[in-house]
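Asks: Encoded as structure tokens, here's the structure I'll be asking about.
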Amino acid sequence: MTSRNRHAKIVESLRTTGVASVRELAERLQVSESTIRRDLIELDRNGELVRTYGGAAMSPRAVLDGTAQEPEEAEIPFDVVATRDQAMKEAIAEEAVKLVEDDSVVVLDIGTTPQAIARRLRGRPVTVITSSLAVLDELRHDEAVRLVMLGGVLRRNYQSLVGSLTEQALRQVSADLLFLSCTGVRPSGHVVDNMAVEAPLKQAMIETAGQVVLVAAETKFPGTGSLRVCPLSDIDVLITTGGADPDTLQLCREAGGKVILA
């Protein structure tokens, strides 16, 4: 296989997965890891991807010029998002923890609302499974909570772990409850996200849980994002705030979901 063919296959792989490790790419292309490292250096120099520790991620340029498989929006850093709509997120978190029973297994998605939920689970005899470093920060010193961190590639901008290692870990998980976040809920009834590296993880989380709870403030109606996570028919409970679009809430009810206004 020529270097040009390898480069094309590496970029194609990243368009699908968002991130990949050197080992994964070497196994996929059946070449040595040292060959992949040289390829990543050249592709990074050309702006076709971004090298990360132990692997690579799709470059912002590929996202912006439309060569990525799915369009993504510029991601706002986690610390900035955390300052927005704080009262709404806290109100949603208050309602969310009422659904958590002692000794249950809870999956917490990434995002600032799941972080607020984690804060309210301190001292509770529960198991929390997450790929969110923000959740880790909330619960790392709490001896009552059994905290399970999913592996993966670090996304520093949004304090989360992503990639095939995260997906593989989720395949081994069976949870009672998932608190799912998103960037938008469309009038069509589609729950969406704006990051290709997160959408497949959210879908994998849904598969793990006996009950799926979507936590989405009114600002997420319709919100942003073009990557489908799931239809509202996959949502058992939607917790939102009073200004959410009533027609979309009715779609959720008609699909069998319970709506809780915080």
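So in our numbering, spot 166 of the sequence shown is number 166, and the numbers just go up one at a time. Where is the CB? At the ideal position from N, CA and C, for every residue including glycine.
For the 8 Å Cβ check, are there 3 or more pairs between the region 137 to 145 and the region 85 to 98?
Replies: no
Asks: Among S131, L147, S181, L178, which one has its Cα closest to the Cα of S164?
Replies: Translated into positions along the sequence shown, residue 164 becomes position 164. Nearest option by C-alpha distance: S131.
Asks: Report the rounded CA-to-CA distance for L136 versus K220, giving the unit in angstroms.
Replies: For the purposes of this step, residue 136 is identified with residue 136 of the sequence shown, where counting begins at 1. For the purposes of this step, residue 220 is identified with residue 220 of the sequence shown, where counting begins at 1. Near 25 Å, if we compare the C-alpha coordinates of K220 and L136.
Asks: Less than 8 Å between the beta carbons of V19 and V197, yes or no?
Replies: In the sequence shown, the residue the question calls residue 19 occupies position 19. In the sequence shown, the residue the question calls residue 197 occupies position 197. Contact flag set, yes.
Asks: Could you give the DSSP three-state label for D44: helix, strand or coil?
Replies: Reading the sequence shown from its first residue, position 44 is the one you call residue 44. The answer is helix: DSSP assigns D44 an H, G or I state.
Asks: What's the gap between the Cα of V50 and the Cα of H7?
Replies: Position 50 of the sequence shown, counting from 1, holds the residue named residue 50. Position 7 of the sequence shown, counting from 1, holds the residue named residue 7. When rounded, the distance between both Cα atoms is 13 Å.
Asks: Which class does D176 belong to by DSSP, given the choice of helix, strand or coil?
Replies: Within the sequence shown, numbered from 1, the residue matching residue 176 stands at position 176. Looking at D176 - three-state DSSP - the assignment turns out to be strand.
Asks: Taking all protein chains shown into account, decide if K263 is buried (16 or more other Cβ within 10 angstroms of its Cβ) or exposed.
Replies: Outside the modelled stretch of the chain, which goes from 1 to 262, sits residue 263, for which no answer is possible.
Asks: Work out the CA separation of I36 and R124 for me, nearest whole Å.
Replies: Taking the first residue of the sequence shown as position 1, residue 124 is located at position 124. Taking the first residue of the sequence shown as position 1, residue 36 is located at position 36. So the alpha carbons of these two residues sit roughly 46 Å apart.
Asks: How big is the Cα-Cα spacing for L249 and P200?
Replies: Your numbering for residue 249 matches position 249 in the sequence shown. Your numbering for residue 200 matches position 200 in the sequence shown. Taking the straight line from one Cα to the other gives about 24 Å.
Asks: Can you name, in chain order, every residue of its own chain whose Cβ lies under 6 Å from the Cβ of A204, other than the five neighbours on each side?
Replies: The residue you call residue 204 lines up with position 204 of the sequence shown. Once the five neighbours on either side are set aside, the close Cβ partners of A204 are E167, L170.
Asks: Got a sec, what are the start and stop residues for the alpha helix (DSSP H) T113 sits in?
Replies: Numbered from 1 along the sequence shown, position 113 holds the residue referred to as residue 113. Element bounds for T113: 112 to 120.
Asks: Could you tell me whether the region 222 to 236 touches the region 110 to 117, where touching means 3 or more Cβ pairs closer than 8 Å?
Replies: no
Asks: Taking 8 Å as the limit between beta carbons, can you name the residues of its chain near V106, skipping five residues before and five after?
Replies: Sequence index remark: in the sequence shown, residue 106 carries index 106 (1-based). Closer than 8 Å at the Cβ level, and outside the excluded window around V106, lie V100, L121, V126, T127, V128, I129, A175, D176, L177, L178, F179.
Asks: Alpha helix (DSSP H) containing C182: first to last residue?
Replies: On the sequence shown, residue 182 is found 182 positions in, with the first residue counted as 1. Looking at the DSSP string, C182 is not in any alpha helix (DSSP H), and its letter there is neither H nor E.
Asks: What does the Cβ neighbour count give for T2, buried or exposed, with the cut at 16 atoms within 10 Å?
Replies: Here the question's residue 2 lines up with position 2 in the sequence shown. By the neighbour-count rule (16 or more Cβ atoms within 10 Å), T2 is not buried but exposed.
Asks: Kindly indicate which three-state DSSP category M1 falls into: helix, strand or coil?
Replies: As a first step, residue 1 must be located in the sequence shown, where it is residue number 1. In the structure shown, M1 sits in coil (DSSP, three-state: anything other than H, G, I, E or B).
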